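Chains as they are written, first to last, in this note's numbering: chain C, 1 to 392; chain V, 393 to 784.
This report refers to the structure that appears directly beneath it.
Number of protein chains: 2
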Amino acid sequence: MRLASKILLPRGFEFSAATAGIKVSGSPDLALALAPHGANAAAMFTTNRVVAIPLQCGREHLRKTGGRVRAVVVNSGNANCATGDAGRFACERVCGSVAKAAGCEQDEVFPASTGIIGVPLPADKLIKAIPQLLSARAADAEAAERFARAIMTTDTRMKTASARFGAATLFGTCKGAGMIHPRLATMLVYLFTDAEARPRELGELLHDAVHVTFNRMNVDTDTSTNDTVLLLASGAAGPPKRKDFAAALQAVCESLAKQIVADGEGVKHVVNLRIDGARSDAEASQVAKAIGNSMLVKTAWAGADPNWGRVLAAVGYSGVAIDPAKVDIFFGKYAVCRKGVAARFDEETLHAYLSQPVFDVRVTLGRGKIGATFWTCDLTAEYVHINADYHT
Amino acid sequence: MRLASKILLPRGFEFSAATAGIKVSGSPDLALALAPHGANAAAMFTTNRVVAIPLQCGREHLRKTGGRVRAVVVNSGNANCATGDAGRFACERVCGSVAKAAGCEQDEVFPASTGIIGVPLPADKLIKAIPQLLSARAADAEAAERFARAIMTTDTRMKTASARFGAATLFGTCKGAGMIHPRLATMLVYLFTDAEARPRELGELLHDAVHVTFNRMNVDTDTSTNDTVLLLASGAAGPPKRKDFAAALQAVCESLAKQIVADGEGVKHVVNLRIDGARSDAEASQVAKAIGNSMLVKTAWAGADPNWGRVLAAVGYSGVAIDPAKVDIFFGKYAVCRKGVAARFDEETLHAYLSQPVFDVRVTLGRGKIGATFWTCDLTAEYVHINADYHT
């Protein structure tokens with residue numbers, strides 16, 4: 001599946017952004033996506049037991065409408081998480097105001113928030129900006145870009161991906177740079193298409209695509225309380241071939257996942273981590289998670305250091321019953337460990353290879369025939385600075 | 393149990409150190425502890441599936457002798473891990489040389505190695521230094537200190553603790569600053585006593601003490617391939633009261649565990665992490681592990697930032713089926729989160745509290761009556777520098 005090099009928009013959606021004044025920077029912090037004729041919807045949410053208010057609210061709205069959405073409203077700068085009844089009330093007030101302005105039911109509004117946890121959501125500021133938000137909406141690439149930028153927090157780059165499949169178009173955008181750990185959906189991801197599909201079918205397609213994309217990447221050890229992936233289908237382009245839809249969805253999700261890792265907080269190296277020779281997909285994930293979460297592996301990568309012993313140690317404590325004598329490790333095409341023992345390699349060559357912004361690491365477990373690819377990154381002093389100095 | 397303020401040595405042990413030339417720094421890198429009349433022994437090893445050669449060898453020796461040790465030989469600067477048959481041969485050659493020089497069986501020698509993984513162990517260098525190692529041995533505090541220093545790698549401080557119980561004395565020393573994650577034994581720990589006890593009893597006492605001390609601390613996410621805790625009992629002081637022995641063992645292990653965390657790579661803040669209201673000890677550990685492994689929590693601590701939302705998020709993704717509405721979080725005596733919602737607190741006061749080198753964090757889960765204390769630390773830019781620049 002080839003992705004488009006520029007933003008392509010599906011029919012049936014309008015986008016907008018505004019500055020409500022939550023972010024101290026004064027950057028846009030309120031975003032709206034509108035489906036004037038409505039859209040079928042499927043969503044996936046964080047597996048964290050601490051679930052932010054807008055997720056609880058959005059899940060309930062989808063249940064009540066049977067998977068119909070007219071408006072998506074997102075604020076950045078405040079997660080509306082651990083905010084109790086007041087947070088719930090604030091979220092419903094914002095949804096109510098959007099519904100009134102857009103001429104739809106309150107349950108047809110899908111809310112989201114991202115930012116600091118535990119700070120009351122300033123609903124009045126958001127509500128005040130809604131008229132402006134509605135009037136600025138448009139169905140063009142510039143408006144979609146404004147949406148994509150307004151949902152950013154510590155992201156340094158806007159993230160979008162588009163694809164065509166048959167008569168239909170898929171546009172995706174997301175935000176996320178920290179608190180990125182593959183456990184169900186990751187951060188805020190919005191996928192818009194004009195293909196026609198029922199909510200149940202959308203749910204199946206979304207689950208399959210997320211499983212091999214957003215669930216296979218991480219930046220740090222932390223699963224967010226606000227992770228949401230939402231897929232909306234306006235139906236304006238008619239029913240697609242399911243296979244084409246699935247391929248487009250996976251390609252767009254994979255592109256967005258890689259964009260998240262590449263823009264991860266302080267990230268200097270993106271690592272394509274391939275696990276082969278596993279007995280199951282879950283086993284491959286467990287090994288990839290141990291490697292991708294290892295502070296020692298990630299700091300070695302930051303230093304472009306071919307310290308494969310740390311990778312082997314992480315494989316060893318992953319919880320998978322590996323036999324070290326069957327483990328091979330490759331950095332790019334270079335074997336650094338064969339059957340659990342050091343292979344001959346030239347350190348300078350390896351250091352040069354690992355100095356590239358993107359490189360490949362492959363671990364073969366010698367247990368089975370299953371393989372999977374993951375996307376992870378290094379751990380730099382910049383990550384520490386960003387997160388030690390982030391204001392509560 | 394009060395610990396002694398200086399090194400106290402049990403009868404029946406001699407200590408020594410030498411410079412074999414493995415460390416490029418030229419610091420002592422070979423250590424010996426000798427029990428001239430032998431000692432009963434119990435040991436615990438890493439749970440990592442990748443097990444370094446000396447651990448395989450030491451475990452086999454203990455099994456063959458039924459838990460008798462005459463000599464402990466430790467080298468620093470090389471882990472002798474992932475070194476294959478050559479590593480095994482090198483380890484046995486070193487044990488054989490020590491046995492010959494000490495006049496005991498090769499199986500009575502307990503070996504250990506710590507340092508870089510995957511580099512061949514230079515056995516000849518070690519063997520050449522053994523005569524000097526034997527001749528420099530002594531049964532005094534200075535010799536014990538030389539032992540304690542020679543086992544260090546990235547440690548900046550020697551770590552020792554001593555206690556008296558009845559007529560007996562317990563002396564412990566350890567090394568460890570990185571690759572510290574609580575899963576069974578952690579790094580190299582040596583405990584010497586003149587109490588009289590059978591290997592089986594020593595094993596039980598050691599297991600109990602390790603469970604509540606070394607298994608309850610971490611520096612980073614990484615479980616080493618060389619973790620070893622060894623307890624030796626010369627018997628020179630006769631049989632102890634088991635309760636007193638257990639208390640002394642726990643106190644010495646707890647002191648050493650805290651010293652490891654305090655000397656953790658780049659550590660600026662040591663955190664006494666108390667989990668209460670769990671249904672089991674395993675549940676408390678699981679929550680503590682999620683918090684102590686969280687890069688976002690650890691970086692917030694580095695910045696003395698009262699960002700309790702990250703702690704709550706880690707509790708939420710720990711895998712324990714917590715109800716957020718029952719979770720309270722305290723920084724010292726200050727409540728920052730009550731029933732999953734922000735509590736009122738003064739940020740300046742909290743920032744000052746968290747700026748201390750040691751502080752308390754308490755999380756109550758509201759699920760049961762079990763509580764446990766853990767020791768963890770912050771994640772600083774220095775940790776990244778140390779581990780990104782560490783030479784392979």
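Think of the CB as a built atom: it goes at the ideal place given N, C-alpha and C, for glycine as much as any other residue.
In this text, all values refer to a predicted model and were calculated from it rather than measured experimentally.
Counting C-beta atoms within 10 angstroms of its own C-beta, Q748 (chain V) has fewer than 16 neighbours from the protein chains shown and is therefore classed as exposed. In this chain, Y709 (chain V) is not harboured by any beta strand (DSSP E), its DSSP state being neither H nor E. Restricting attention to C:M217, C:F330, C:M152, C:D263, the CA atom closest to the CA of E382 (chain C) is found in C:D263.
Comparing alpha carbon positions, the residue from V:G568, V:A533, V:D586 closest to G558 (chain V) is V:D586.
For V602 (chain V), the enclosing alpha helix (DSSP H) begins and ends at 591-603. Per the coordinates, the alpha-carbon of G701 (chain V) lies some 12 Å from the alpha-carbon of V51 (chain C). Minimum Cα-Cα distance from T83 (chain C) among the listed residues V:C729, V:M393, V:S647 corresponds to V:C729.
Listed in chain order, the non-local C-beta contacts of G38 (chain C) below 6 Å within the same chain comprise R68, R70, local neighbours out to five positions each way being set aside.
In the three-state scheme derived from DSSP, where H, G and I count as helix and E and B as strand, S505 (chain V) is classed as strand.
C-alpha of G26 (chain C) to C-alpha of A79 (chain C): approximately 17 Å in a straight line. S285 (chain C) and I291 (chain C) have their alpha carbons spaced roughly 10 Å apart. Straight across, the Cα-Cα distance linking K339 (chain C) with P324 (chain C) is about 7 Å.
Within the same chain, P698 come within 7 Å of E739 (chain V) by CB-CB distance, once the 5 residues on both sides are set aside. Check the Cα spacing between I519 (chain V) and each of V:L395, V:R538, V:V486, V:L641: the tightest is with V:V486. Looking at the DSSP output, V271 (chain C) sits in a beta bridge with C:F359, C:T376. In this structure A150 (chain C) does not touch A43 (chain C) by the C-beta definition: roughly 20 Å separates them, more than the 8 Å allowed.
Distance between A705 (chain V) and K761 (chain V), taken at the CA atoms: about 22 Å. A Cβ of chain C is located within less than 8 Å of the beta carbon of P716 (chain V). Of all C-beta pairs linking the segment 520-531 of chain V to the segment 548-563 of chain V, fewer than three are shorter than 8 Å, placing the two stretches out of contact. For T741 (chain V), the number of other beta carbons within 10 angstroms of its own is below 16, and it is reported as exposed. Close to H385 (chain C), with beta-carbon spacing below 8 Å, are these residues of chain V in chain order: A773. Closest option to G203 (chain C), judged by alpha-carbon separation, among C:A257, C:D389, C:A246, C:A148: C:A246.
If you check the CB distance, N40 (chain C) and R198 (chain C) come in under 8 Å.
In this structure, DSSP gives N215 (chain C) a helical state, which the three-state scheme calls helix. Here T114 (chain C) is near K175 (chain C), since their CB atoms are less than 8 Å apart.
Look at the segment 733-754 of chain V: the residues with a C-beta under 8 Å from a C-beta of chain C are V733, A734, E739. Closer than 9 Å at the C-beta level to chain C, one finds these residues of the segment 669-682 of chain V: A682. Put simply, the CB of M295 (chain C) is near chain V, with a gap under 8 Å to one of its CB atoms. In this chain, the beta strand (DSSP E) harbouring A237 (chain C) covers 228-238.
Distances from the CA of F192 (chain C) to each of C:V72, C:T65, C:H385 were compared; the closest alpha carbon is that of C:V72. When the alpha-carbon of V98 (chain C) is set against those of C:A33, C:S318, C:P120, the nearest one is in C:A33.
With a cutoff of 8 Å on beta-carbon distance, A248 (chain C) and G12 (chain C) are scored as not near each other. Between L379 (chain C) and K289 (chain C), the C-beta spacing is not below 8 Å.
Here R455 (chain V) is exposed, its C-beta having fewer than 16 other C-beta atoms within 10 Å. For S224 (chain C), the neighbours in chain V by C-beta distance under 8 Å run, in chain order, A705. Chain order gives no chain C residues near A482 (chain V), where near means a beta carbon separation below 8 Å; the closest approach is about 13 Å.
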